[in-house]
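Participant: The opening residue of the sequence shown carries number 941 in the working numbering; numbering runs sequentially from there.
Glycine included, each C-beta is placed from N, C-alpha and C at the ideal position.
This structure is a prediction, so every number in the text was calculated from the model and none was measured.
I'd like to ask you about the structure that follows.
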Amino acid sequence: MDFSTPISTVIPSLDGPVLQVLARADRMLSGRQVHAEAGTGSVAGVRLVLQRLASTGLVHVDEAGSSLLYRLNRSHLAAQAVELLANLRATFADTLAANIASWRIPPLHASLYGAAARGEGDLTSDVTLLLIRSDEVAPDNRLWEEQVGGLMSDIVELTGNPVDVDELCLRDLSNHQRAAVPVVEEWLRDPTILHGAPLQVLLAGRASVERPTLADLPSLPDLANFPALPALLG
């Protein structure tokens, strides 16, 4: 799936990006505005697409002075399909979230990150996923491995894209952060959270657990019993 323009999976022509812009718009747009938001084709090419779509009734055209403004006709029988295709990335995330919510061993955190999360990936981009498990769950736990493997297979079936999973326990995540491992910054940068608490919350909770309290500190010597104290005070 092309995560930058999901509708192109089914409509690879210029019609796809144009329809995606209209499906996401909450106002009428000029041909130049549609072209700017679509980020592909030429202004003239976008206008030809808009005219053709208007002839089918899928797009409404209104005059505003000397300009023409366009909007998706959401009453059209095909509009629902267009909106579904335009929002495939959100549908994908919702599907993964539902899958993970059914796990018998739930993760503390699951998120998409990287190109797919930012909506920048293309047909060859990896779907990158981060899974944080509890420290009590061993990495070779059979049920955990089956859940992760099943999710990876589902992602390939859902998108056709290769998948890459970073999977570690909370202790390792905390160690990665302390060691300033570069990938941690990418994990923290605008992820699409699928399950559990944000990483910042998990790391803050871990830090509070690991922070020593007064009871953990070594006791100080009793100066009243220190033999040289009188001489020092004198």
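So L1142 and L1113 are in contact, right, with Cβ under 8 angstroms, and what is the actual spacing, rounded?
Facilitator: Indeed they touch by this definition, with Cβ atoms about 7 angstroms apart.
Participant: For D1002, count neighbouring Cβ atoms within 10 angstroms of its own Cβ and tell me buried if that reaches 16, exposed if not.
Facilitator: By the neighbour-count rule (16 or more Cβ atoms within 10 Å), D1002 is not buried but exposed.
Participant: Look up L1017 in the DSSP assignment and say whether it is helix, strand or coil.
Facilitator: Residue state, collapsed to three classes: coil.
Participant: I'd like to know if L1143 contacts chain D, where contact means its C-beta is closer than 9 angstroms to some C-beta of that chain.
Facilitator: Considering every chain present, this structure includes no chain D. It has just one protein chain.
Participant: Mind pulling the beta strand (DSSP E) runs of 3 or more residues that sit fully within the segment 974-1016?
Facilitator: Correct list: 999-1004, 1007-1012.
Participant: According to DSSP, is V1121 helix, strand or coil?
Facilitator: Residue state, collapsed to three classes: coil.
Participant: Indicate whether V1105 and H1116 have their beta-carbon atoms separated by less than 9 angstroms.
Facilitator: Not a contact, by the Cβ cut-off of 9 angstroms.
Participant: Got a sec? Which residues, its chain only, sit under 7 angstroms from P1152 by beta carbon, not counting five neighbours each side?
Facilitator: Low confidence applies to P1152: its pLDDT is 46, below 50, so where it sits in the model is not reliable, and the reading given next is rough at best. Once the five neighbours on either side are set aside, P1152 has no close Cβ partner at all.
Participant: Between L990 and the rest of its own chain, which residues show a CB-CB distance below 7 angstroms, the 5 nearest in sequence each way excluded?
Facilitator: The residues are V958, G971, V974, V999, Y1010.
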